[in-house]
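Trainee:
Protein chains: 2
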Amino acid sequence: MRDNDVPEIRSLPLFQEMEDENFEALIRGAYVQTFPPQVELITEGDPADFLHVVISGSVELFAAWNRRQTTMATVRPISTFILAATIKDAPYLMSARTMEKSRLVLIPSMDVRDVFETDSRFARAVVSELAQCYRSVVKNTKDLKLRSSIERLANYILRIHMTHDRAMQFDLNLEKRRLASFLGMTSENLSRAIKSLRPYGVEIDGQRVTITDLADLEQLAKPSPLIDDYSI
Amino acid sequence: MRDNDVPEIRSLPLFQEMEDENFEALIRGAYVQTFPPQVELITEGDPADFLHVVISGSVELFAAWNRRQTTMATVRPISTFILAATIKDAPYLMSARTMEKSRLVLIPSMDVRDVFETDSRFARAVVSELAQCYRSVVKNTKDLKLRSSIERLANYILRIHMTHDRAMQFDLNLEKRRLASFLGMTSENLSRAIKSLRPYGVEIDGQRVTITDLADLEQLAKPSPLIDDYSI
DNA sequence: CAGCAAACTTGATAAATGTCAAACAGATCC
DNA sequence: GGATCTGTTTGACATTTATCAAGTTTGCTG
Numbered sequence: 272m273r274d275n276d277v278p279e280i281r282s283l284p285l286f287q288e289m290e291d292e293n294f295e296a297l298i299r300g301a302y303v304q305t306f307p308p309q310v311e312l313i314t315e316g317d318p319a320d321f322l323h324v325v326i327s328g329s330v331e332l333f334a335a336w337n338r339r340q341t342t343m344a345t346v347r348p349i350s351t352f353i354l355a356a357t358i359k360d361a362p363y364l365m366s367a368r369t370m371e372k373s374r375l376v377l378i379p380s381m382d383v384r385d386v387f388e389t390d391s392r393f394a395r396a397v398v399s400e401l402a403q404c405y406r407s408v409v410k411n412t413k414d415l416k417l418r419s420s421i422e423r424l425a426n427y428i429l430r431i432h433m434t435h436d437r438a439m440q441f442d443l444n445l446e447k448r449r450l451a452s453f454l455g456m457t458s459e460n461l462s463r464a465i466k467s468l469r470p471y472g473v474e475i476d477g478q479r480v481t482i483t484d485l486a487d488l489e490q491l492a493k494p495s496p497l498i499d500d501y502s503i
Numbered sequence: 272m273r274d275n276d277v278p279e280i281r282s283l284p285l286f287q288e289m290e291d292e293n294f295e296a297l298i299r300g301a302y303v304q305t306f307p308p309q310v311e312l313i314t315e316g317d318p319a320d321f322l323h324v325v326i327s328g329s330v331e332l333f334a335a336w337n338r339r340q341t342t343m344a345t346v347r348p349i350s351t352f353i354l355a356a357t358i359k360d361a362p363y364l365m366s367a368r369t370m371e372k373s374r375l376v377l378i379p380s381m382d383v384r385d386v387f388e389t390d391s392r393f394a395r396a397v398v399s400e401l402a403q404c405y406r407s408v409v410k411n412t413k414d415l416k417l418r419s420s421i422e423r424l425a426n427y428i429l430r431i432h433m434t435h436d437r438a439m440q441f442d443l444n445l446e447k448r449r450l451a452s453f454l455g456m457t458s459e460n461l462s463r464a465i466k467s468l469r470p471y472g473v474e475i476d477g478q479r480v481t482i483t484d485l486a487d488l489e490q491l492a493k494p495s496p497l498i499d500d501y502s503i
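Which chain is which? The protein sequence lines are A and B, in order.
In terms of this note's numbering, the first sequence has 421 at position 150, counting the first letter as 1, and numbering is strictly consecutive.
In terms of this note's numbering, the second sequence has 474 at position 203, counting the first letter as 1, and numbering is strictly consecutive.
#1: Between A:M370 and the rest of its own chain, which residues show a CB-CB distance below 6 Å, the 5 nearest in sequence each way excluded?
#2: Is the CB-CB distance between B:P494 and B:N426 below 8 Å?
#3: Beta-carbon of A:Y405 versus every beta-carbon of chain B: anything under 8 Å?
#4: In angstroms, rounded to a whole number, what distance separates the CA positions of B:L461 and A:D317?
#5: Relative to the alpha-carbon of B:Y302, which residue among B:Q478, B:D382 and B:F333 has its alpha-carbon at the smallest distance?
#6: Measure the Cβ-Cβ separation of B:I349 and B:I313 and say whether it is below 8 Å.
#7: Quick check on A:I349: does DSSP put it in helix, strand or coil?
#8: By the DSSP assignment, the beta strand (DSSP E) with A:S327 in it spans what residues?
#9: Does the beta carbon of B:K447 come closer than 8 Å to any beta carbon on chain A?
#10: What does a CB cutoff of less than 7 Å around A:R449 pick up in its chain, not counting 5 residues either side in sequence?
#11: Please state whether the Cβ-Cβ distance between A:L354 and A:L429 is less than 8 Å.
#12: Closer than 7 Å, Cβ to any Cβ of chain B: which residues of the region 420–435 of chain A, in chain order?
#13: Looking only at its chain, what residues have a beta carbon closer than 7 Å to the beta carbon of A:E478, apart from the 5 residues adjacent to it on each side?
#14: In the DSSP assignment, the beta strand (DSSP E) including B:R368 goes from what residue to what residue?
#15: Taking just the CA atoms, how far does B:T345 sit from B:L497?
#16: DSSP has A:Y302 in a bridge; who is on the other side?
#17: Could you check if B:K410 is buried or exposed, using at least 16 other CB atoms within 10 Å of its CB as the buried criterion?
#18: Nearest to A:L424 by alpha carbon, out of A:G455, A:E388 and A:V398?
#19: Look up B:D385 in the DSSP assignment and say whether it is helix, strand or coil.
#20: Counting along the chain, where does the alpha helix (DSSP H) carrying A:A356 start and finish?
#21: With a CB to CB cut of under 8 Å and the five nearest residues on each side skipped, what residues in its chain are close to B:A464?
#22: Should B:S367 be flagged as near chain A, meaning a C-beta pair shorter than 8 Å?
#23: If you draw a straight line from the alpha carbon of A:A319 to that of A:F333, how long is it in whole angstroms?
#24: A:T341 versus chain B: which residues are under 7 Å apart at the beta carbon?
#25: Report the residue from B:T412, B:V397 and B:N337 whose alpha carbon sits nearest the alpha carbon of B:T357.
#26: By the three-class DSSP mapping on this structure, what secondary structure does B:R338 have?
#27: Tell me the DSSP secondary structure of A:V330 in three-state form.
#28: Do the CB positions of B:Y405 and A:Y363 come within less than 8 Å of each other?
#29: A:N337 to B:Q440, Cα distance in whole Å?
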C-alpha cells in the first residue's frame, strides 16, 4: 500500500486507537485501488474477504431479491463498510458498487480478524463502530415502518439540511432514482412526493433543494432525534 | 441477585468467555425481577441505565412516532436486549414491554461498560453479539423493502417452520396483531394475507399453523439465506 | 354459565403506492 | 450541432395497503 494513503484512514475512529504495529500490519496487507463508476465491488452472498474503506468517491450498498433491488445505504469518505461480515467471517448481506470514480483501501478480512483478536483497543473501536451501525439501521427501520413516503422524503431533506450546517439551499448528493430506492419508493412516486412538498416549503429543481419555509417543512416532517439524528 | 439465576445467563455467548471475577462483578450489581404482562420496561429516548436479560417469558421491542407504533422485535429467553445503547451510553431507540409474565435480569449499564473496558474477552463477545444484531436488522430491512406483505408472511411462516425442526404444524408464538405490526402491516391486512396463502399450502386456524404443501409455499415465498437465515 | 372485553375477521371504501407508456430534459458522443 | 442515451416527469390506470364499521370469535371473570 502506498504510504500517502495511510494518514487518511489512520484518523478513522476505527483505526485511531489501535497499536501502531497492528495498524502497520493491516496496512502492509492492504490494497489501494481506484475503480471506475458503476463497478460492482462486492456481491451479496460472497465470503467477506476484505474490509473496504472508501477514500474518495462514493459507494452504493444495495440488496436484491427475486428480481427486485433496493438501495440500502451510500458510503462516503472516509468510512468503512461491511465490518460486521468481516468480523463474523460471514457472507456479505449487501452488494456494493461505485457510484462514481472511487478510491478504496481493501484490507484482507483475515488480517482484520487477527488484529481484532490481539489488539483489545481495536476490538473496542470495532464495538463502537458496530453499535453505531446497528443503531443507524434501527433508525432506518423506524423511518420505513412509521412514516409515509412523503414523510420520509421530508425528513430526509431535513437531515441533509442539518448536515449542511442548516443551509437553506443545497444539492442532493444522490441521483433521484437512488434516493427513491433508498427511501423505499419508486422514482415516479418520488417525483410526485417532491411536488406535493412544494406547499410545505420545499422547492427541488434538478439536484438543487431550496427550503423556502423551514417551519412548515418541520411541521410536516416532525423529525425525531431517535430516528433522524445519526450522531446519537 | 439470587444465585440460582446465575447459571442460566452465564451460558449466554455474551457472558460465556469472560473472566469469572468480572462476571461476578456484573452479577453483584444486577437485579432480578419478575414483571407482570404488559409492563413497559423501558421507554425509547430514556438513558440506557440497564442491560436487560430475559430469563423467562417474552418481551416486545417497539417504537413509536407521531401516534403510530410498530413492533420491532420480540425477545425470548435467554437473550439480552439494548446492548448497543448500553455500550454507547446512548438513549434507547426502542421501548420494551413484557408480553406475558416475565423474569428479567437488569445489569447496570455502567457495570457493563466498566467490564467492557477491562475484560477484552467480554469486549470480543460484545462484538460478536452486536455484529449478529446488526445483520439481523439488515435482513429485516431487506425483507421489508424487497417483499410484499404476503411474501413477508410466507417467509415468516417458513422461518418458524425451520426453527421448529421443519415441523409441518406449529403454533404462532405471537398474537396476530403483533405479528402484523412486526411484518409491517395492519391486522386486517394480515387476516387477508393469511386467507390468500391458503391456496399456497398454508392453513392457519387461531394460533395453529399447518403447512399442507411445503413446495407450493416455498415457491411463493422464495426464501433466501441472506434474508431468512438468522444463523449466518 | 352469563356477560364482558379483547382480539380477530369481514366487507365496503379510501388512500397510498406501483406500473406502464409516453413525453421531456440534460448529458454525452461522434 | 444533431443523435443518442439515460434519467426524470407526467398521466392514466392497476394494485396494494389502510381505514372504518360491523360482526364474530375467543377467552376471561364474576
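The C-beta atom is built at its ideal place from N, Cα and C for all residues, glycine as well.
Mentor: A quick look at the data gives this:
#1: S329 and E331
#2: yes
#3: yes
#4: 34 Å
#5: B:D382
#6: no
#7: coil
#8: F321 to S327
#9: no
#10: E331 and T342
#11: no
#12: none
#13: Looking at the sequence itself, residue 478 of chain A is Gln, so the reference to Glu does not match. Excluding residues within five positions, the ones whose Cβ falls inside 7 Å are D442 and L443.
#14: S366 to T369
#15: 20 Å
#16: A:L377
#17: buried
#18: A:G455
#19: helix
#20: L354 to K359
#21: S420, I421, L424 and M456
#22: The sequence as given places Ala at residue 367 of chain B; Ser does not occur at that position. B:A367 does not count as touching chain A.
#23: 16 Å
#24: K416 and L417
#25: B:V397
#26: coil
#27: strand
#28: no
#29: 27 Å
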